Amino acid sequence: MICLTLTGRTMKENYTLLEQNREMIDIAELRMDFLPAGELRDMRGIRERMGITAIATFRKECDGGRFSGEEVFRRKILLNAVNAGFEYVDMEYGVDFPEVEAAAQGKGTVVIRSIHNFDGVSVSVDVITKMLTLPDWEIPKIAVYPHGSKDVLS
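Residue numbers (this note's numbering): 429 to 582.
What follows is the structure, encoded as structure tokens:
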């Protein structure tokens with residue numbers, strides 16, 4: 429499966445990227461944290477125009493994203509994405525957005541539970557164990573940052 433991550437600064441730019449690559453991809457991830465708030469008003473229209481299986485991601489700065497605002501706004505946008513029909517929504521491991529989780533479960537949206545380590549490749553065994561026991565409607569994602577070939581080979 430090939431996923432195109434859309435990181436344009438406008439939806440027009442993202443639609444162009446999507447059309448240029450549509451024949452080569454199976455799924456698209458919309459990085460909503462790259463967009464100004466005004467671009468996120470019509471999530472249903474965005475979802476319909478994408479016309480491909482899609483992941484909605486709204487990543488905080490501390491997790492490698494660009495969003496530095498209030499969590500209440502991020503929660504609202506992620507909920508809007510679920511209600512608009514995104515098949516997947518990416519929420520960081522440990523984030524507690526019960527409204528988003530309930531809506532996702534009700535609509536059949538899969539929650540991707542992600543954890544990011546930009547200091548290396550280690551993730552605690554406790555976290556890995558907990559991620560492996562997520563509910564059926566959630567899937568784990570671990571993103572790490574290797575600093576050299578030794579990190580990749582270990």
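Even for Gly, the Cβ is constructed at its ideal location relative to N, Cα and C.
For clarity, every value in this text was computed on a predicted model and none was experimentally measured.
In the DSSP assignment, what are the bridge partners of residue i?
i      : result
Ile540 : Asp518 and Ile567
Ile455 : Cys431
Phe495 : Lys488
Name the two residues that bound the continuous alpha helix (DSSP H) containing residue i.
i      : result
Ala512 : Glu499 to Ala512
Ala531 : Pro526 to Lys535
Gly479 : First-last for Gly479: undefined, no H or E at that position.
If you follow the beta strand (DSSP E) that residue i is in, where does it begin and where does it stop?
i      : result
Thr485 : Ala482 to Thr485
Spatial neighbours of residue i within its chain, please: CB distance less than 6 Å, with the 5 preceding and 5 following residues excluded, ordered by chain position.
i      : result
Lys488 : Phe495
Ile453 : Ile430 and Leu432
Glu520 : Asp491 and Ser542
Excluding the 5 residues preceding and the 5 following residue i in the sequence, name in chain order all residues of the same chain whose CB lies nearer than 8 Å to its CB.
i      : result
Asp461 : Thr485, Phe486, Arg487, Lys488, Gly493, Arg494 and Phe495
How about residue i and residue j: do their beta carbons lie closer than 9 Å?
i      : j      : result
Ala456 : Cys431 : yes
In this structure, how does DSSP classify residue i when only helix, strand and coil are distinguished?
i      : result
Gly576 : coil
Gly436 : coil
Leu463 : coil
Arg469 : coil
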